[in-house]
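>
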Amino acid sequence: MRKSLRRMATAALTATTAAVLVAPAFASDIIWARYGDSDTLDPHASTTTLSMQSWRQIYDTLLAFDENGAPRPNMAKSYEVSDDGMTVTFSLQDGLMCHDGTPFDSTDVKYTFDRALSDDSPSITKSAWGPISSVDAPDASTIVVKFDTPFGAFVPFMADPFSSMLCDTNEALGDAFGSTAAIGTGPWKLDEWVKGDRIVLSANPDYKNFGHPVENKGKPYSDRLIIRTVPEAQTRLAGLRTGELHIVEPPLEEVAAIKEDSSMDLHIAEATGQDVFFEFTISRPPFNDERVRQAIAHGVDVDMALDIAFQGLVQREKCPIAQGVFGNDQEFCAEHLASYDPEKAKALLAEAGYGPDNPVDVTMMTWTGGGRERMLQIFQNQLAQIGVKTNIEIMDIGTLNARVKQENEKTEGKSTFDMMGWSWYDPDILYQLWHSPGAYSGYNTPELDAMLEDMRSTVDPDARLEIVKQVNAYLLEKAIHVPLYTPGWMWLYVTAQDVDGFVIGAFDQPLLMDVKITD
Amino acid sequence: MSDQTVTAPVPAASAASAKFRQFLGNRGATVGLVIVAVLVVTAAFAPWIAPYDPQMMGAGPRLTAPSFSHLFGTDEFGRDLFSRVVYGSRLTLMIAAIAVGIALAVGLTIGLIGGYAGGWIERIVMRLVDVVFSFTETLIALAAVAVLGPSLQNAMIAVGIATMPFYARICYATVLVEKNKPYFEASVAAGAGHFRIVLLHILPNILPTMVVVATLGVSTAILAAAGLSFLGLGAQPPSPEWGWMLSAGRDYFSRAPWMMIAPGVAIAATVLGFNLLGDGIREVLDPRQTARR
Amino acid sequence: MRRYLVQRIAAALLTVWVTTIAVAMLIHIVPGDPVQIMYAQSQGTTPEQLEEIRTRLGLNEPVWKQYAMFMGRILQGDFGQTIRGKQPVLDLLIGRLPNTLLLASVSLVIAAVIGIVFGFIAAYRRGTAVDTSLMIIALVGVSMPHFWLGLILLFVFAVNLAWLPVAGTDWRSLVLPAITLGVANAGIIARLTRSSMIDILDQDFVRTARAKGLKRGTILYRHVLLAGLIPVVTMLGLQFTYMLGGAIVVENVFAWNGIGRLAIQAIFQRDYPLIQGFILVFAVLVVTVSLLMDLLYAVLDPRVRLS
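Written as structure tokens, this is what we have:
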């Protein structure tokens, strides 16, 4: 998507305007504006993409994702998985330094694990760390992690911001940690966090990049990184035009114009791991009937909806795990996924006992932003054509999470289904969603549980691939997890023409070590 | 604010027609009346006035500017904005009626209890009303939505609760005035029960005042409810509620400013209409104000 | 005077106390299980853990005891942590409060200046076309939804014309929100100023002064303006609390980083500890402002001091 640098005149004009109208920050500041702020700088206390992106700047991880989302050594110069899959041993790089000047060694790694897995205030993603039985630091550069049962998703997890490495000096900060202070080993140090407004970071002179897919191996090229919160998409774009901002998420509707505009570059995140899908409340009619779920899946013309709502900026996703994640095979999934077929949908509804006199009448929910309210309005129209009545409710993602769970636990009242989104680096996401009790107390059967347990404990890639496919087929055929599209949120970035070296790492994690603001 | 309305007398029939002529003589009030009448007619005859189904996607090309075939342009789905604004008038009137209805019913009850009972009941009830009143509508409405959860229905309830203290205070003050009138003592002396006195004597005497107060409250209710929908705490898509439409138009402002302008003008015009109407009625009923003209 | 003061302070304390009860009960009247909502973000929380949290938060205790615990914490300045991101509630609110106060104060000045000037001119030129036009402008100002006015100003001046920064943190980013909030409230002040001035103009002492042949400027300034301003000043106090309410919406339009934006986020996210904290802080704020206004009124108007 990057265009070559040209039309210097426009750039010069923009720069002049900016200089006149806007008090310039330091020339080497990068100003990145997003729609919302990080919830916290404590990697154990949030699950939002906004938070994870900020952790990625401050902290580093034992492993790092390459361009395609495969884990490779980073702070750990090597790692070894025992043959039985029960032990993983990491060996740390030499000379790692924390932001406060203390050396980073295996005691810090152990501190991070102990904190995430503690009983009284564990990480809210504790279950993703796996069935860990012990973590030991036999010497300053070695960490040994032992498991109760083999856990295939552990290695990629060590490259994810959820497993950000914390320095043990954070312990002394008490409640200030994650709120006003955060000590990591990442490329940027925290200077100041004005909540709801800006996170001000400065380049870490001691930083060493061992595994991230950018050119720069040391201190970031720019002096400071300022992550701003600018909720209105139109204002973000205006700020980019005047030179006040350097990297922004654009309004969807402006993307066509941005592509034509040589004063800015559009970047589309790839390998985001994001999967947007339908899931249903199965505790009561009508969705306890597989035929009705299938009817919904057959009743929506996803390609058409994507075309209207996103105009080619997202892709159709046919698997319950997103493109770029291990085990995603579009052709295989397409064989099991319900295709658009309104006649079949009506027939299934009739078979299940629903029709014009007794229509399916349900609530369709999703979370705010990302053009999703448009998708639901189109789906609402399409579903009306097969005789399904829907009303739309749009809410915050956290509220939606709670609501879906509540709906699954209720046994009466108007039923619901929702367009949900998850991003994960491994098919283990399916275990978290659908193994009883499941993230939302939704669909589960002993049969599916057994398959998911098998998937979790199988380490051999070929054998694991087979099981992942089986699970995908099961979820699609029973219309439990109906995939729709990918990516789903925060996947578009626009940089001003004078911004050089912007890289979006795998799983939608911008890496800013290479970024330079040229004049 | 309350002293201007509490003194409103109950107009006798002949006085009433004189007042109505006076009302029509007030140009502002006439304009207000016309705007409100247009709104009511639009709402009542929406299916005949609107050229398209407000929910029909592809009624025209996406994001087209206002033209003869689409007076207010079209939105991101090619829905006809004129038709949506026309149907939105129904929602606006419904919101106004329900929110004001709730506020009036609750405020009236509280005001009657506080004013009639007197003593410690009066002190506690009216003190609580003052507490709620001190918070401003926006905050109370937000707190109510926080508890009830976002939806158009809850937004109407929230606005009702939020504006209730205004009605309660005026009702209370009016009741106090009534209690000093001779008929009140007469009926107490005649041994009438509390219920009888309140329902048969006080209520009919204060109702006209309260209806006027309700007219004045309509614009506040409409603005507050539109604000909630704008913030995403009220109407949900694809509702043609004006506040929500305005909010949905934000991302298109550079390409399709009409998406935000049409519903915004509709809200402003409606509120202006009710404000003019309310002012007109108040001036007619409050001789002190009228004298100043 | 002292009795008046004591009464006002008692009323203020009562308001805050009633608010604490309402806020403490908030968690019990929300639909659904509050603990489940609070921990919806955590993956794989077991029912036992939820029960443990419920016990820790005292939700299994009798209501009066829960209230006592709540008050105990609040009085120690412990407003709890947000659900999202576990941030200390009071720090968050206090960090943003100055921004809201700044916005409301500047807006109040704008509203007062426009409102008083308009109202005064209209009163003085009563019945003329000037009066009518000014009052029409005032009424249109009152009728316009502020969020709409704000968005139009934002899009025209910051987005299309780029005269003002869109994401600045200095005074220039205060310009548009303050104008929006100020203009939206100026209409009410203008109307009030006009009627208050008219009352004074009609009073005997002004007529007397005129009859005595005092210069027009002196009459207007010394008698009418000052006397007419007393009710306006009281009104400004009430206006300020309205500004604080209006700021909630305007802050969201302009992404002004005050407590209003925080509150809307909290409501969206059903972050109950933050909502509770917000209401309490807002209550204290509103009560303090009205108390100060009552005092100011007492100082300005001798009749109050006597009563």
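From first to last, the protein sequence lines are chains A, B and C. The number in the numbering used here is simply the position in the first sequence, starting from 1, with 1411 added. The number in the numbering used here is simply the position in the second sequence, starting from 1, with 22 added. The number in the numbering used here is simply the position in the third sequence, starting from 1, with 7 added. Yeah, the Cβ is synthetic: ideal placement off N, Cα and C, and Gly gets one too. All figures in this text were calculated on a predicted structure; none of them were measured in a lab.
1. The beta strand (DSSP E) that contains Asp1865/A, what's its start and end?
2. When the Cα of Ser1449/A is compared with those of Arg1639/A, Lys1628/A and Thr1596/A, which residue comes out closest?
3. Using a Cβ-Cβ distance cut-off of 8 Å, determine whether Pro1642/A contacts chain C.
4. Rounding to the nearest angstrom, what Cα-Cα distance links Ser276/B and Asn167/C in this structure?
5. With a floor of 3 residues, list each beta strand (DSSP E) that falls wholly inside the region 1620 to 1679 of chain A, ordered by position along the chain.
6. For Ile179/B, which three-state DSSP category applies?
7. Alpha carbon to alpha carbon, how far is Leu221/B from Ala212/B? Give it in angstroms, no decimals.
8. If you draw a straight line from the C-alpha of Ile283/B to the C-alpha of Phe154/C, how long is it?
9. Is it true that the CB of Thr1897/A sits closer than 8 Å to the CB of Asp1686/A?
10. Under 8 Å, do Thr1451/A and Ile1535/A count as touching if we go by C-beta distance?
11. Which of the three DSSP states, helix, strand or coil, is assigned to Lys1729/A?
12. Who are the Cβ neighbours of Leu1432/A in its own chain at under 8 Å, not counting the five residues just before and after it?
13. Among Val1815/A, Pro1454/A, Val1914/A and Pro1731/A, which has the Cα closest to the Cα of Ala1680/A?
14. Can you confirm whether the region 233 to 245 of chain B touches the region 169 to 189 of chain B when touching is taken to mean that 3 or more C-beta pairs between the two stretches lie within less than 8 Å?
15. Considering only residues of the same chain and omitting the five flanking positions on each side of Thr26/C, which have a CB-CB separation below 8 Å?
16. Indicate the three-state DSSP secondary structure (helix, strand or coil) for Ile1594/A in the structure shown.
17. Would the region 264 to 279 of chain B and the region 106 to 117 of chain B be scored as touching if the rule is three or more Cβ pairs under 8 Å?
18. The region 213 to 234 of chain B: which residues have C-beta closer than 8 Å to a C-beta of chain A, in chain order?
19. Is the shortest distance between the beta-carbon of Leu55/B and the beta-carbons of chain C less than 8 Å?
20. Exposed or buried, which one is Lys1880/A when buried takes at least 16 other CB atoms within 10 Å?
21. Ordered along the chain, which non-local residues of its own chain (more than five positions away) have a Cβ less than 6 Å from that of Gln73/C?
22. For Pro76/B, count neighbouring C-beta atoms within 10 Å of its own C-beta (all shown protein chains included) and say buried if the count is 16 or more, exposed if not.
23. Hey, out of Ala125/B, Met148/B, Ala163/B and Gly100/B, whose CA is closest to Ser251/B's CA?
24. For Trp178/C, which of helix, strand or coil comes out of DSSP?
25. Compare the beta carbon distance of Pro280/C and Gln88/C with 8 Å and say whether it is the shorter of the two.
26. With respect to 7 Å, is the separation between the Cβ of Phe90/B and the closest non-hydrogen atom of the ligand ADP below this value?
27. Among all the DSSP beta bridges, which residues are the ones paired with His1892/A?
28. So the candidates are Ile143/C, Ala216/C, Glu55/C and Asn106/C; which of them puts its Cα closest to the Cα of Val231/C?
29. Using a Cβ-Cβ cutoff of less than 6 Å, which residues in the same chain neighbour Val53/B once the five nearest sequence positions on both sides are dropped?
30. I want to see whether chain C comes within less than 8 Å of Phe275/B, judged by CB atoms only; does it?
31. Could you spell out the range, first to last residue, of the beta strand (DSSP E) harbouring Trp1833/A?
32. Mind checking Glu1655/A: buried by the 16 CB within 10 Å criterion, or exposed?
33. If we define contact as Cβ-Cβ less than 8 Å, is Val266/C a contact residue for chain B?
34. So that I know if they touch, is there some Cβ in chain C lying closer than 8 Å to that of Arg84/B?
35. At which residues does the beta strand (DSSP E) containing Glu1603/A begin and terminate?
36. Here's the rule: buried if 16 or more other CB atoms are within 10 angstroms of the residue's CB, otherwise exposed. What is Ala247/B?
The short version:
1. Segment Pro1857 to Ser1868 is the alpha helix (DSSP H) holding Asp1865/A; no beta strand (DSSP E) there.
2. Arg1639/A
3. yes
4. 8 Å
5. 1635 to 1640 and 1675 to 1679
6. helix
7. 16 Å
8. 12 Å
9. yes
10. no
11. coil
12. In this predicted model, Leu1432/A has a pLDDT of only 40, less than 50, meaning its place in the structure is not dependable; the value taken from the coordinates is given anyway. Same-chain partners within the cutoff: Thr1653.
13. Val1914/A
14. yes
15. Ile286, Leu287 and Ala290
16. coil
17. yes
18. none
19. no
20. buried
21. Gly65
22. buried
23. Ala163/B
24. coil
25. yes
26. The ligand ADP is not among the ligands present in this structure, which contains no ligands whatsoever.
27. Glu1690/A
28. Ala216/C
29. Leu298
30. yes
31. Thr1827 to Ser1834
32. buried
33. Contrary to the premise, residue 266/C reads as Ile rather than Val in this sequence. Ile266/C does not count as touching chain B.
34. no
35. Trp1599 to Val1605
36. buried
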